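Peer 1: Those sequence lines, one after another, are chains A and B.
Per the numbering used here, the very first residue in the first sequence carries number 1; after that it's consecutive.
Per the numbering used here, the very first residue in the second sequence carries number 1; after that it's consecutive.
Below you'll find the structure I mean.
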Amino acid sequence: MEIAFFLLFAICAVAAALSVILQKNIIYSALSLIVVIGSMGGLFLLLNAAFIAVLQIVIYAGAIMALFLFVIMMVDPQTEAGDGWRRQTKLVLLIVLLIAAGAVWAIRAVGSFQPITHGMSVKDLARLLFTGYLLPFEAITILIISSVIGALYIARREDA
Amino acid sequence: MIQPAYYLVLSLILFFIGVFGIFIRKNLLVIFLCIELMLNSANLAFITFSRFYQNLDGQLAAFFVITVAAAEATVGLAMILLVNRTRKSVEIDQLTSMKG
């Protein structure tokens, strides 16, 4: 049963990822990435990470991709002039496949999942976040506010 | 039974699809989408190892990766907007000079 869900989410993610890089229309690429993010959310659920799965859907698919789509529509690219692909596609594909094959071969030795004994609930996650990881949490706050201010300044209109 | 290796192989496949996409597409926005794809695959690896070692640090790492991706997307998209405004194009073949 688990295998069925894993295959469903995995095939969906890979198909949508290929669609991201192969579509001519950029809006279709962005929507395919939303499908990838949803499939990853499902995979996180399979890995007992329910909180991160929901965060992924809400933040990544809900906020980041919405921002992407707004910017895509603002930039409004015409259909790519000429061929949208760079040259040397076959050479790059060969190199990427070689590296990927090497990496796939290298990770076969990882063990197998054990039943959960340690606490992995949202309560434990929250306790860890606000005790051990409090400094990164506060630093993230500063990062977000500075990135928002920076983005507003970078993209401001210069008239008058 | 699902082994962690299955999740890791899937993470690698998605990562290398993203890498390939960066190399072959000319539009800045699609390149940015492929970067986000790579970030997602890294998140999957984090969560897999978190479940494998039953340690919540991996889930927190994924949490921070999602947040940093949000901040980075904000700034990156603002820069893409600025590039489009000044150069009238977001094709990397036409963004060849560092002036301005």
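Even glycine gets a Cβ: it sits at the ideal position worked out from N, Cα and C.
Just so we're clear, the structure is a prediction, and the values are computed from it rather than from any experiment.
Cα-Cα, which of B:A62, B:L14, B:L29, B:Y7 is closest to A:A100?
Peer 2: The count along the first sequence starts at 1 and reaches residue 100 of chain A at position 100. The candidate whose alpha carbon is nearest that of A:A100 is B:L14.
Peer 1: Residues of chain B with a CB under 9 Å from the CB of A:I116: which are they?
Peer 2: Locating residue 116 of chain A in the first sequence gives position 116, where the first residue counts as 1. Going along chain B in sequence order, the residues near A:I116 (Cβ under 9 Å) are R51, Q54.
Peer 1: Are the CB atoms of B:Y7 and A:L43 nearer to each other than 8 Å?
Peer 2: In the second sequence, the residue the question calls residue 7 of chain B occupies position 7. In the first sequence, the residue the question calls residue 43 of chain A occupies position 43. It is a contact, given that the beta carbons lie within the stated cut-off.
Peer 1: Could I get the ranges of all uninterrupted alpha helix (DSSP H) runs contained in the region 49-75 of chain A, with 4 residues as the minimum, in chain order?
Peer 2: Runs of the alpha helix (DSSP H) inside the region 49-75 of chain A: 50-55, 65-75.
Peer 1: I need the boundaries of the alpha helix (DSSP H) containing A:A126, first residue and last residue.
Peer 2: Translated into positions along the first sequence, residue 126 of chain A becomes position 126. First-last of the alpha helix (DSSP H) with A:A126: 122-131.
Peer 1: With 8 Å set as the bound, which would you pick, yes or no: does the beta-carbon of A:Y28 sit closer than that to a beta-carbon of chain B?
Peer 2: Looking up residue 28 of chain A in the first sequence gives position 28. No, A:Y28 does not count as interfacial toward chain B.
Peer 1: Give me the chain B residues within the contact set of A:D159, using Cβ-Cβ distance strictly less than 7 Å, ordered along the chain.
Peer 2: Reading the first sequence from its first residue, position 159 is the one you call residue 159 of chain A. Those do not exist, as A:D159 stays about 12 Å from chain B at its closest Cβ, beyond 7 Å.
Peer 1: How many Å lie between B:G21 and A:L22 at the Cα?
Peer 2: As a first step, residue 21 of chain B is located in the second sequence; it is residue number 21 there, counting from the start. As a first step, residue 22 of chain A is located in the first sequence; it is residue number 22 there, counting from the start. Roughly 8 Å between the two C-alpha positions.
Peer 1: Taking a cut of 9 Å between CB atoms, which residues from the region 54-75 of chain B lie near chain A?
Peer 2: Cβ contacts with chain A come from Q54, N55, L56, D57, G58, Q59, L60, A62, F63, F64, I66, T67, V68, A69, A70, A71, E72, A73, T74, V75.
Peer 1: In chain B, which residues lie less than 9 Å from A:E138 when you measure between Cβ atoms?
Peer 2: Looking up residue 138 of chain A in the first sequence gives position 138. Chain B residues near A:E138: none, gap ~12 Å exceeds 9 Å.
Peer 1: Given that B:M79 touches chain A, what residues does it touch there, using C-beta distances under 9 Å?
Peer 2: Residue mapping note: residue 79 of chain B aligns to position 79 of the second sequence, counting from 1. Ordered by position in chain A, the residues that pass the 9 Å Cβ test against B:M79 are A151, I154, A155.
Peer 1: Comparing alpha-carbon positions, which option in B:L10, B:L37, B:T96 lies nearest A:M65?
Peer 2: Within the first sequence, the letter at position 65 stands for residue 65 of chain A. Here the closest residue by C-alpha is B:L37.
Peer 1: For A:I72, which residues in chain B fall below 7 Å Cβ to Cβ?
Peer 2: Indexing the first sequence from 1 puts residue 72 of chain A at position 72. Ordered by position in chain B, the residues that pass the 7 Å Cβ test against A:I72 are L29.
Peer 1: At least one CB of chain A closer than 8 Å to the CB of B:T48: is that the case?
Peer 2: Reading the second sequence from its first residue, position 48 is the one you call residue 48 of chain B. Yes, contact with chain A.
Peer 1: Closest to A:S146 by C-alpha separation, out of B:Q94, B:S89, B:V68, B:I2, would be which residue?
Peer 2: For this step, residue 146 of chain A is matched to residue 146 along the first sequence. Nearest C-alpha to A:S146: B:V68.
Peer 1: Please check if any C-beta of chain A sits within less than 8 Å of the C-beta of B:M1.
Peer 2: The residue labelled residue 1 of chain B in the question sits at position 1 within the second sequence. Yes, because at least one Cβ of chain A sits closer than 8 Å to the Cβ of B:M1.
Peer 1: Could you tell me which chain A residues have their CB closer than 9 Å to the CB of B:I13, listed as they occur along the chain?
Peer 2: To locate residue 13 of chain B, count along the second sequence from 1; it is residue 13. Chain A residues near B:I13: A10, A13, V14, A17, A100, V104.
Peer 1: State whether the region 42-62 of chain B contacts the region 117-126 of chain A, with contact taken as three or more CB pairs (one from each stretch) at a distance under 8 Å.
Peer 2: A contact exists between the region 42-62 of chain B and the region 117-126 of chain A.
Peer 1: Taking 8 Å as the CB-CB limit, is A:L57 close to chain B?
Peer 2: To locate residue 57 of chain A, count along the first sequence from 1; it is residue 57. The sequence shown places Ile at residue 57 of chain A, not Leu. Cβ-Cβ to chain B under 8 Å: no for A:I57.
Peer 1: So which residues on chain B does A:A63 lean against when the C-beta distance must stay under 7 Å?
Peer 2: Residue mapping note: residue 63 of chain A aligns to position 63 of the first sequence, counting from 1. Under the 7 Å cutoff, chain B gives A70.
Peer 1: For B:Q59, tell me which candidate among B:R25, B:A78, B:A45, B:T96 has the shortest Cα-Cα distance.
Peer 2: Residue numbering aside, residue 59 of chain B sits at position 59 when the second sequence is read from its first letter. Selected option, being the one with the closest Cα: B:A45.
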